[in-house]
Every structure is written in C-alpha cells, then in structure tokens.
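Trainee: I have a structure here, written as structure tokens, and I will follow up with some questions on it.
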Amino acid sequence: MNMEINFWKPTNSLGVIKATIHQSGKLGFSQPAIDKLNLTQNTYLMIGTNKENRKDNNIYLAISKESNELAIKVNKAGNYYYLNTKDFFNEIGVDYKSKSVIYDIIDISSSNEKMYKLVPREKDRKKK
Numbered sequence: 004m005n006m007e008i009n010f011w012k013p014t015n016s017l018g019v020i021k022a023t024i025h026q027s028g029k030l031g032f033s034q035p036a037i038d039k040l041n042l043t044q045n046t047y048l049m050i051g052t053n054k055e056n057r058k059d060n061n062i063y064l065a066i067s068k069e070s071n072e073l074a075i076k077v078n079k080a081g082n083y084y085y086l087n088t089k090d091f092f093n094e095i096g097v098d099y100k101s102k103s104v105i106y107d108i109i110d111i112s113s114s115n116e117k118m119y120k121l122v123p124r125e126k127d128r129k130k131k
C-alpha cells in the first residue's frame with residue numbers, strides 16, 4: 004500500500020487567539036489576538052454577522068485602515084485593547100451578562116481583505 008502523508012507542521016502557539024465579551028459589553032482581545040490582528044490605537048474594525056445564514060452565530064471582523072460609518076475605533080487601556088460593542092451584542096441578542104462568551108479568532112482573509120471569523124464558546128458565568 005503506497006500512501007503519501009501530508010504531516011501537519013506544529014505552529015509555535017503564542018497562546019489562544021481570542022476575544023472575550025466583558026460584562027460591560029466590551030469585546031476585549033487577548034495578547035496573541037492583538038499581535039495577530041496588529042491592533043493599535045489607530046486600528047478600526049468592522050464587526051458583523053452572516054446576512055445569508057441566520058443560524059450562523061459566528062461574528063465577523065474586517066480591518067479598516069481609516070474611520071468610516073461602519074468602523075469602530077479600537078480602544079486601549081493599559082496593555083489591553085477592546086471595542087465598545089455593547090449595543091452590537093444587545094442588538095444581535097448575545098447574553099453576555101449571564102454567560103461568559105469567548106470567541107476563538109480564525110483568519111479567513113482573502114488576498115485583498117483582512118477578515119476574521121470569531122467562533123463563540125459559552126460558559127455560565129461563575130457566581131461571585
């Protein structure tokens with residue numbers, strides 16, 4: 004039996020590339036996500052949902068070079084970057100108050116556009 008195996012090359016993972024919704028509704032990025040998306044205080048992100056498939060509960064991010072009516076400016080607090088997304092999550096019905104919602108960030112960029120798919124994982128928030 005002659006079979007050719009394409010072995011996977013392990014990547015040097017710098018940690019989990021993720022974004023987390025805080026109880027305030029802000030979307031905060033992990034350090035590996037900040038590095039991957041090259042976030043700075045001059046970055047603008049456009050955030051949205053799949054118009055064609057209402058069952059798709061992923062959210063999508065595109066990087067915009069400058070401000071426009073669809074772009075949200077990335078904010079910085081200390082070494083921490085976040086988006087003011089409370090209204091967005093309220094509008095699409097994400098329950099970030101009682102659930103801890105973490106999005107794994109997957110690069111789906113095409114040759115001419117930087118795009119990311121954010122895949123949700125939910126856990127019940129720990130009662131304090």
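Each position in the sequence shown, counted from 1, maps to that position plus 3 in the numbering used here.
The C-beta atom is built at its ideal place from N, Cα and C for all residues, glycine as well.
Keep in mind it's a predicted model, so treat the numbers as computed, not measured.
Quick check: what's the CA-CA separation for I66 versus D110?
Mentor: C-alpha separation (whole angstroms): 12 Å.
Trainee: Assuming the contact rule is C-beta atoms closer than 8 Å, T52 and I62 should be a hit. Round their C-beta distance to whole Å, please.
Mentor: 6 Å between Cβ atoms; contact.
Trainee: Could you name the residues of the same chain whose beta carbon sits closer than 7 Å to that of Y83, not counting the 5 residues immediately before and after it, in chain order?
Mentor: Excluding positions up to five away in sequence, the list reads G31.
Trainee: What do you get for A80, buried or exposed, if any count of 16 or more other CB atoms within 10 angstroms of its CB means buried?
Mentor: Counting Cβ neighbours within 10 Å, A80 comes out exposed, since fewer than 16 surround it.
Trainee: Cα-Cα, which of Y85, N56, L48 is closest to E72?
Mentor: Among Y85, N56, L48, the Cα nearest to that of E72 is on L48.
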